[in-house]
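**Student:** Got a structure here, written out as structure tokens. Questions coming.
Structure, rendered in structure tokens:
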């Protein structure tokens with residue numbers, strides 16, 4: 035279910051464009067709007083006209099932050115943008131992106147947008163001699179490391195200061211990172227050696243585009259070219275596009291987060307050459323084969339549970355129907371961390387269609403179970419509306435382990451399945467039955483032979499070395515204020 039109380043939150047959406055003669059700030063706005071689902075805390079755009087980088091960012095949704103008055107001054111021919119949900123660093127203006135570093139006599143100005151989460155952040159900060167509060171997030175840390183590398187090497191006559199600094203800094207980074215960066219004349223895309231988070235390349239008639247997901251290309255009329263390979267860096271400038279491989283070959287091990295297919299990515303996105311919507315429907319078909327049940331209606335919890343429910347209905351022969359209506363205009367709700375408050379949050383977002391539900395045995399499909407808040411409230415809501423039986427079917431296997439690669443689950447204590455069996459979870463949620471799709475069937479539903487997936491949150495098998503727990507506030511002095519809201523180099 036797409037709410038703020040029952041699901042983990044993804045890190046961010048990133049976007050970049052190099053398009054001389056085009057209104058790039060407006061292109062970035064449209065691209066970020068298409069990526070709004072990946073982060074709702076803040077939004078920002080950085081633009082260059084070849085001489086100056088201008089940055090504007092603020093707290094809120096893309097449409098809350100930007101309007102004609104704020105977009106019109108952002109003139110140039112290359113730009114990057116960002117939508118954020120915090121996984122390292124608090125939800126404050128200081129941590130809104132793009133992260134910006136002004137030029138100095140020894141280093142040029144640049145801006146950075148990051149989707150993911152570094153796993154060796156404390157070590158990198160310590161090695162660089164940074165005191166607590168100097169940087170507030172892993173993205174800020176990377177920007178500082180790049181600034182130091184640029185200053186150490188001195189200004190280059192060919193203008194490749196940022197490229198050279200990246201080639202030095204990137205091999206030291208561990209964890210998940212899809213970066214889009216820019217200086218006065220280049221847009222750069224980087225994907226970590228595991229490819230935990232998506233990043234794709236698109237072509238405009240007059241330029242190039244980088245985006246977290248393909249719908250951000252569609253909305254501006256860009257043609258999808260390909261996904262960046264894990265461990266790849268692309269440089270875009272007036273001479274076209276170049277591909278570099280800054281990481282040792284032995285580090286390249288594709289592990290796209292499997293949660294992207296189940297929940298995070300838009301259903302109209304293309305990942306691993308597959309449309310997400312089709313993969314979700316196939317998950318439902320395999321769920322119906324694996325865990326059949328006698329029922330009168332199949333329904334999905336809006337929005338991400340719906341394609342899987344459609345697949346379940348098609349394969350099982352049980353009619354599909356709508357059982358819940360989602361309030362699309364409620365916006366984000368910041369609630370106290372109590373069970374009662376979270377349950378109220380679900381009621382604010384969802385309401386039952388009683389005539390469709392009353393007297394029926396229901397199969398209810400949701401994408402995943404984290405804390406169980408959503409599902410427990412939904413089961414009770416459906417029973418109150420007259421459902422005689424409620425059978426839960428979930429395409430993602432039980433989440434038992436924290437994520438360190440860009441999802442805001444830092445401890446096992448947050449996870450219902452960490453200590454409870456499937457039967458115990460069923461009883462806690464109040465359902466008549468509960469079944470999860472097995473991991474092998476989930477991968478079969480996605481249907482990308484030979485593709486690698488990160489399933490660490492399901493299996494505890496982490497592709498990289500990680501700490502037992504990571505605090506999202508590990509770097510920052512959370513009391514550090516930041517009053518300015520615009521910066522120019």
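In the numbering used here, the protein residues as written are 35 to 523.
All C-beta atoms, glycine included, are put in the ideal place defined by N, C-alpha and C.
Predicted model, so just to flag it, every value in this text is computed and none were measured.
Pull up the DSSP beta-bridge partners for residue 470, would you.
**Tutor:** Counting from one through the chain shown, the residue named residue 470 turns up at place 436. Note: residue 470 sits in a beta bridge opposite 428.
**Student:** In whole angstroms, give me the CA-to-CA distance for residue 240 and residue 183.
**Tutor:** Within the chain shown, numbered from 1, the residue matching residue 240 stands at position 206. Within the chain shown, numbered from 1, the residue matching residue 183 stands at position 149. Near 32 Å, if we compare the C-alpha coordinates of residue 183 and residue 240.
**Student:** Does the Cβ-Cβ distance between residue 147 and residue 132 come in under 7 Å?
**Tutor:** Start at 1 with the first residue of the chain shown, and residue 147 comes out as number 113. Start at 1 with the first residue of the chain shown, and residue 132 comes out as number 98. Yes; because the gap between Cβ atoms is below 7 Å, this pair is in contact.
**Student:** Where does residue 195 sit, in a helix, a strand or coil, going by DSSP?
**Tutor:** What you label residue 195 is simply residue 161 of the chain shown in a count that begins at 1. Reduced to three states, the DSSP call for residue 195 is helix.
**Student:** Please name the residue, chosen from 382, 205, 192 and 237, that lies closest to residue 285 on a Cα-to-Cα basis.
**Tutor:** As a first step, residue 285 must be located in the chain shown, where it is residue number 251. Ranking the options by Cα distance to residue 285, first place goes to 205.
**Student:** With DSSP as the reference, label residue 298 as helix, strand or coil.
**Tutor:** Walking along the chain shown from the start, residue 298 turns up at place 264. Annotated three-state conformation of residue 298 is helix, per DSSP.
**Student:** Using beta-carbon positions only, say whether residue 220 and residue 267 come within less than 7 Å of one another.
**Tutor:** As a working mapping, residue 220 is identified with position 186 in the chain shown. As a working mapping, residue 267 is identified with position 233 in the chain shown. Contact: no.
**Student:** Provide the residue span of the alpha helix (DSSP H) that contains residue 338, from first to last.
**Tutor:** The count along the chain shown starts at 1 and reaches residue 338 at position 304. Counting along the chain, no alpha helix (DSSP H) covers residue 338, and no H or E run does either.
**Student:** In the DSSP assignment, what are the bridge partners of residue 241?
**Tutor:** As a working mapping, residue 241 is identified with position 207 in the chain shown. For residue 241, which the question treats as bridged, DSSP gives the partners 238.
**Student:** Across which residues does DSSP place residue 404 in a beta bridge pair?
**Tutor:** The count along the chain shown starts at 1 and reaches residue 404 at position 370. Residue pairing from DSSP leaves residue 404 without any beta-bridge partner.
**Student:** Hey, could you find the ends of the beta strand (DSSP E) residue 147 is sitting in?
**Tutor:** Along the chain shown, read from residue 1 onward, the residue named residue 147 stands at position 113. 144-152 is the extent of the beta strand (DSSP E) around residue 147.
**Student:** How would you label residue 475, buried or exposed, when you count the other beta carbons within 10 angstroms and need 16 or more for buried?
**Tutor:** For the purposes of this step, residue 475 is taken as the residue at position 441 of the chain shown. By the neighbour-count rule (16 or more Cβ atoms within 10 Å), residue 475 is buried.
**Student:** According to DSSP, is residue 383 part of a helix, a strand, or is it coil?
**Tutor:** Translated into the one-based positions of the chain shown, residue 383 becomes position 349. Helix, per DSSP.
**Student:** If contacts are defined as beta-carbon pairs under 8 Å, then residue 440 and residue 245 qualify, I think. What distance do you get, rounded to the angstrom?
**Tutor:** Here residue 440 corresponds to residue number 406 of the chain shown, with the count starting at 1. Here residue 245 corresponds to residue number 211 of the chain shown, with the count starting at 1. No, residue 440 and residue 245 are not in contact; Cβ-Cβ is about 16 Å, not under 8 Å.
**Student:** So, for residue 352: in the same chain, excluding its five sequence neighbours on each side, which residues have a beta-carbon less than 6 Å away from its beta-carbon?
**Tutor:** Here the question's residue 352 lines up with position 318 in the chain shown. Answer for residue 352: 329 and 332, listed in chain order.
**Student:** Do residue 345 and residue 318 count as a contact pair if the criterion is CB distance below 7 Å?
**Tutor:** Start at 1 with the first residue of the chain shown, and residue 318 comes out as number 284. Start at 1 with the first residue of the chain shown, and residue 345 comes out as number 311. Yes.
**Student:** Looking at C-alpha atoms only, which residue of 449, 420, 393 and 84 is the closest neighbour of residue 402?
**Tutor:** The sequence position of residue 402 within the chain shown is 368, counting from 1. Nearest option by C-alpha distance: 449.
**Student:** Looking at the unbroken alpha helix (DSSP H) that takes in residue 183, where does it start and where does it end?
**Tutor:** Taking the chain shown and counting its residues from 1, one reaches residue 183 at position 149. Here the alpha helix (DSSP H) through residue 183 covers 172-187.
**Student:** Using the Cα positions of residue 176 and residue 235, report the straight-line distance between them to the nearest angstrom.
**Tutor:** In the chain shown, counting from the first residue as 1, residue 176 sits at position 142. In the chain shown, counting from the first residue as 1, residue 235 sits at position 201. Going from the Cα of residue 176 to the Cα of residue 235 covers about 23 Å.
**Student:** Does DSSP put residue 415 in a helix, in a strand, or in coil?
**Tutor:** As a working mapping, residue 415 is identified with position 381 in the chain shown. Residue 415 sits in a helix when the DSSP states are folded into three classes.
**Student:** Sort out for me which residues DSSP pairs residue 309 with in a bridge.
**Tutor:** Residue 309 sits at position 275 when you count from the first residue of the chain shown. 304.
**Student:** According to DSSP, simplified to helix, strand and coil, what is residue 460?
**Tutor:** The residue you call residue 460 lines up with position 426 of the chain shown. Three-state DSSP puts residue 460 in a helix.
**Student:** Any contact between the stretch 64-81 and the stretch 245-265? By contact I mean 3 or more CB pairs, one from each, below 8 Å.
**Tutor:** Yes: at least three Cβ pairs fall under 8 Å.
**Student:** Does DSSP put residue 164 in a helix, a strand or coil?
**Tutor:** Indexing the chain shown from 1 puts residue 164 at position 130. Reduced to three states, the DSSP call for residue 164 is coil.
**Student:** Give me the residue from 73, 320 and 479 with the minimum Cα distance to residue 95.
**Tutor:** Along the chain shown, one-based indexing puts residue 95 at 61. Nearest C-alpha to residue 95: 73.
**Student:** Can you find the residues in the same chain that come closer than 7 Å, C-beta to C-beta, to residue 340, ignoring five residues on each side of it along the sequence?
**Tutor:** What you label residue 340 is simply residue 306 of the chain shown in a count that begins at 1. Within the same chain, residue 340 has close Cβ partners 334.
**Student:** What is the DSSP secondary structure of residue 293, reduced to helix, strand or coil?
**Tutor:** Taking the first residue of the chain shown as 1, we reach residue 293 at position 259. Note: residue 293 maps to helix in three-state DSSP.
**Student:** By DSSP, does residue 220 sit in helix, in strand, or in coil?
**Tutor:** Working through the chain shown from its first residue, we reach residue 220 at position 186. Residue 220: coil per DSSP, three-state reduction.
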